[in-house]
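Q:
Protein chains: 2
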Amino acid sequence: KQQFVIIGLGVFGETIATELTRMGHDVLGIDTDEVKVDRLAERITHAVIGDVTDESVLDELNVGDYDVGVVAIGRNIEAAILATMQLRDRGVKKVWAKALTNQHHRILKRLGATRVIGPEFEMGAHVAQELHYPMVNNYIGLGEEEFIVELIVSDNLDGCQMDALIEKADAEVELVLLKQGKTTSTNPSSDVTLHKGNQVVLVGQLDELRKFADHL
Amino acid sequence: KQQFVIIGLGVFGETIATELTRMGHDVLGIDTDEVKVDRLAERITHAVIGDVTDESVLDELNVGDYDVGVVAIGRNIEAAILATMQLRDRGVKKVWAKALTNQHHRILKRLGATRVIGPEFEMGAHVAQELHYPMVNNYIGLGEEEFIVELIVSDNLDGCQMDALIEKADAEVELVLLKQGKTTSTNPSSDVTLHKGNQVVLVGQLDELRKFADHL
Ligand SMILES: Nc1ncnc2c1ncn2[C@@H]1O[C@H](COP(=O)(O)OP(=O)(O)OP(=O)(O)O)[C@@H](O)[C@H]1O
Ligand SMILES: Nc1ncnc2c1ncn2[C@@H]1O[C@H](COP(=O)(O)OP(=O)(O)OP(=O)(O)O)[C@@H](O)[C@H]1O
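Protein sequence lines correspond, in order, to chains A and B. If you read the first sequence in the numbering used here, its first letter stands for residue 1, the second for the next number, and so on. If you read the second sequence in the numbering used here, its first letter stands for residue 1, the second for the next number, and so on.
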């Protein structure tokens, strides 16, 4: 069980605050907006009206005692900057911050944010990939351009064999998991026949995965 | 190559528009904000100043000819609603829309959005999971409460054997991929010794994965 302070209770901050509370942690939420604070009063440990650009606010709340701080203010970069600095100055070890743009990202990192997240940017990139490769349902980056990708088999691939598809694309990708209906096989043989709606999980280098996807 | 119309060029819309253009598609971007439109003029196929609550704007741009429409307006729900309806009325087959809240999500779905995305909500849920389970780096939901999860081995698990950890937790989870340094093995033996920083990919039911994570 940890203690979290969430500064900024827009959709992003509120979601983090309520989810962490639901999972059993102590969560303090701070926002200038009374409506948002009231709405959360019953759903998180403590919801407080306060302006973080006022240093006394965070002092009175003893934020230095918290394990983790999350700065969930996007547009008001000055408030996000001040909140990040104040949390770090008071000794909060882990401070995650939301950033709207790449520039804000670099600023917050330099001011001590342990990690910076760009929800609109990251989801935008995700959506673009899904629109470009409609068969891609989800993916995980493993670093060094290597990805795990989940594809949903479309109509036109119904009845195809996996290894035939890999061979035709001449792509270095591997099948690691296959879910057909409710049955998941974690070591599927590559000559398996695919059916519409099946979930195919592959791993490979980005170029090879693209090569594979372009030949579908 | 497809034709996309992106309505709303905030961070989310702009990211989608620029990424799709970079991947070779035709992209029309529309926004009321001249500054945003100018900034994108050189980076997407067409960037146009326009207010989508004015029906003539979309008519003049022949949006009916586009394959896909993305409504990337979050706060102005009325504009998002009108944009969604107008795209569908003009025959755009695939319309994806951003929604800030669950209520907006249901409204946009009912008005014909093919798919609704909540970037702040989805990333908020993601961040909460990562804060609750610090070893979890990423995950993919396969449906029916089944997940693929990527963990990063922490200090205290350095030198542990995978099967010993699974046994100790008495959890029904399977090791599907292991990345140690730059080497990825897609069919790792479960008695493998883990080292700090290794990337471990497991699959299992949510309860079993939690059971495993709680025993780490
Ligand atoms: N100085 C401040 N002190 C405390 N809270 C603040 C301060 N400035 C802004 N906030 C709060 O931070 C929250 C998030 O601000 P932001 O401008 O990013 O809104 P948003 O884009 O609607 O958020 P989200 O994208 O998470 O829905 C708002 O609820 C706002 O009231
Ligand atoms: N009627 C409209 N016609 C065209 N564009 C609009 C209209 N209303 C809002 N927009 C544009 O939609 C974009 C996104 O609006 P929103 O209010 O969601 O801002 P945002 O939260 O800053 O976006 P993001 O979270 O993507 O950064 C803005 O650039 C805004 O100018």
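Just so you know, even glycine gets a beta-carbon here, dropped at the ideal spot from N, CA and C.
Leaving aside the five residues before and after residue 101 of chain A along the sequence, list all residues of the same chain whose C-beta is less than 7 Å from its C-beta, in chain order.
A: Once the five neighbours on either side are set aside, residue 101 of chain A has no close Cβ partner at all.
Q: Which residues bound the beta strand (DSSP E) around residue 46 of chain A?
A: From DSSP, the beta strand (DSSP E) with residue 46 of chain A extends over 46-49.
Q: Check each candidate in B/175, B/149, B/32, B/214 and name the one with the smallest Cα separation from residue 72 of chain B.
A: It is B/32 whose Cα lies nearest to the Cα of residue 72 of chain B.
Q: Please work out which residues of its chain come closer than 7 Å, Cβ to Cβ, to residue 17 of chain A, disregarding the five sequence neighbours upstream and downstream, and give them in chain order.
A: Once the five neighbours on either side are set aside, the close Cβ partners of residue 17 of chain A are 6, 9, 27, 29, 40, 44.
Q: For ligand 2, is there a heavy atom less than 7 Å away from the beta-carbon of residue 117 of chain A?
A: Not under cutoff, so the answer is no.
Q: Quick check: residue 132 of chain B and residue 23 of chain A, are their CB atoms within less than 8 Å of each other?
A: Yes, Cβ-Cβ distance for residue 132 of chain B and residue 23 of chain A is below 8 Å.
Q: Looking at C-beta atoms only, is the number of pairs between the stretch 158-173 of chain A and the stretch 113-123 of chain A that lie closer than 8 Å three or more?
A: Verdict: no, contact absent.
Q: Taking the continuous alpha helix (DSSP H) assigned at residue 21 of chain A, which residues delimit it?
A: 11-22 is the extent of the alpha helix (DSSP H) around residue 21 of chain A.
Q: Rounded to whole angstroms, what's the CA-CA distance from residue 50 of chain B to residue 38 of chain B? Just pull it up for me.
A: Those two C-alpha atoms are separated by around 12 Å.
Q: Are there any heavy atoms of ligand 4 lying less than 7 Å away from the beta-carbon of residue 8 of chain B, as far as the coordinates show?
A: Within the structure as shown, ligand 4 is missing, the only ligands being ligand 1 and ligand 2.
Q: Count the other CB atoms within 10 Å of the CB of residue 35 of chain B; is the residue buried (16 or more) or exposed (fewer)?
A: Classification of residue 35 of chain B: exposed, given that the 10 Å Cβ count is below 16.
Q: Can you tell me which of the three DSSP states residue 52 of chain A falls into?
A: Residue state, collapsed to three classes: coil.
Q: Quick check on the DSSP output: the beta strand (DSSP E) that includes residue 161 of chain A runs from which residue to which?
A: Premise fails: residue 161 of chain A is in no beta strand (DSSP E) and is neither H nor E.
Q: By DSSP, does residue 145 of chain A sit in helix, in strand, or in coil?
A: Of the three classes helix, strand and coil, the one that applies to residue 145 of chain A here is coil, per DSSP.
Q: Does the contact criterion of 3 or more C-beta pairs under 8 Å hold for the stretch 87-96 of chain B versus the stretch 58-76 of chain B?
A: Verdict: yes, contact present.
Q: Taking Cβ-Cβ distances shorter than 7 Å, what residues in chain A pair up with residue 123 of chain B?
A: The contacting residues are 12, 117, 119, 122, 123.
Q: When you measure from the CB of residue 102 of chain A to every non-hydrogen atom of ligand 2, does any distance come out below 7 Å?
A: Residue 102 of chain A Cβ: outside cutoff for every heavy atom of ligand 2.
Q: Would you check whether ligand 1 has a heavy atom nearer than 7 Å to the C-beta of residue 60 of chain A?
A: False, no ligand heavy atom lies under 7 Å from that Cβ.
Q: Among A/128, A/196, A/137, A/84, which one has its Cα closest to the Cα of residue 11 of chain B?
A: Checked all of A/128, A/196, A/137, A/84; the closest Cα to residue 11 of chain B is A/128.
Q: Look up residue 180 of chain A in the DSSP assignment and give the residues it is bridged to.
A: In the DSSP output, where bridge partners are listed per residue, residue 180 of chain A has A/183.
Q: Run through chain A and tell me which residues come within less than 7 Å of residue 138 of chain B, C-beta to C-beta.
A: Those within 7 Å of residue 138 of chain B in chain A are 140.
Q: Could you name the residues that DSSP lists as bridge partners for residue 140 of chain A?
A: BP columns for residue 140 of chain A point to A/148.
Q: Give the straight-line distance between the Cα atoms of residue 183 of chain B and residue 166 of chain A, rounded to the nearest whole angstrom.
A: Cα to Cα, residue 183 of chain B sits roughly 22 Å from residue 166 of chain A.
Q: Please check if any C-beta of chain B sits within less than 8 Å of the C-beta of residue 68 of chain A.
A: Yes, residue 68 of chain A counts as interfacial toward chain B.
Q: Any beta carbon from chain A within less than 8 Å of residue 131 of chain B's own beta carbon?
A: By this cut-off, residue 131 of chain B is an interface position.
Q: Work out the CA separation of residue 174 of chain B and residue 130 of chain B for me, nearest whole Å.
A: Rounded to the nearest angstrom, the two C-alpha atoms are 20 Å apart.
Q: Tell me residue 31 of chain A's beta-bridge partners as DSSP assigns them.
A: Beta-bridge pairing links residue 31 of chain A to A/49.
Q: Which residues in the same chain as residue 193 of chain B place their Cβ atom closer than 6 Å to its Cβ, once the five residues preceding and following it in sequence are excluded?
A: 161, listed in sequence order.
Q: Measure how close the beta-carbons of residue 137 of chain B and residue 145 of chain B come, nearest whole angstrom, since I'm counting them as under 8 Å.
A: So it is not a contact: roughly 20 Å between Cβ atoms.
Q: Per DSSP, which residues does residue 101 of chain B bridge with? Please list them.
A: None; residue 101 of chain B has no bridge partner.
Q: Check the Cβ-Cβ distances between residue 199 of chain B and every residue of chain A, and say whether any is below 8 Å.
A: For residue 199 of chain B, the answer is yes, since a Cβ of chain A falls inside 8 Å of its Cβ.
Q: Taking 8 Å as the CB-CB cut-off, is residue 76 of chain A touching chain B?
A: Chain B contact via Cβ: absent.
Q: So what does DSSP say about residue 73 of chain B, is it helix, strand or coil?
A: Note: residue 73 of chain B maps to coil in three-state DSSP.
Q: Exposed or buried, what is residue 14 of chain A when buried is set at 16 or more other beta-carbons lying within 10 Å of its beta-carbon?
A: By the neighbour-count rule (16 or more Cβ atoms within 10 Å), residue 14 of chain A is buried.
Q: Alpha helix (DSSP H) containing residue 127 of chain B: first to last residue?
A: Per DSSP, residue 127 of chain B belongs to the alpha helix (DSSP H) from 119-132.
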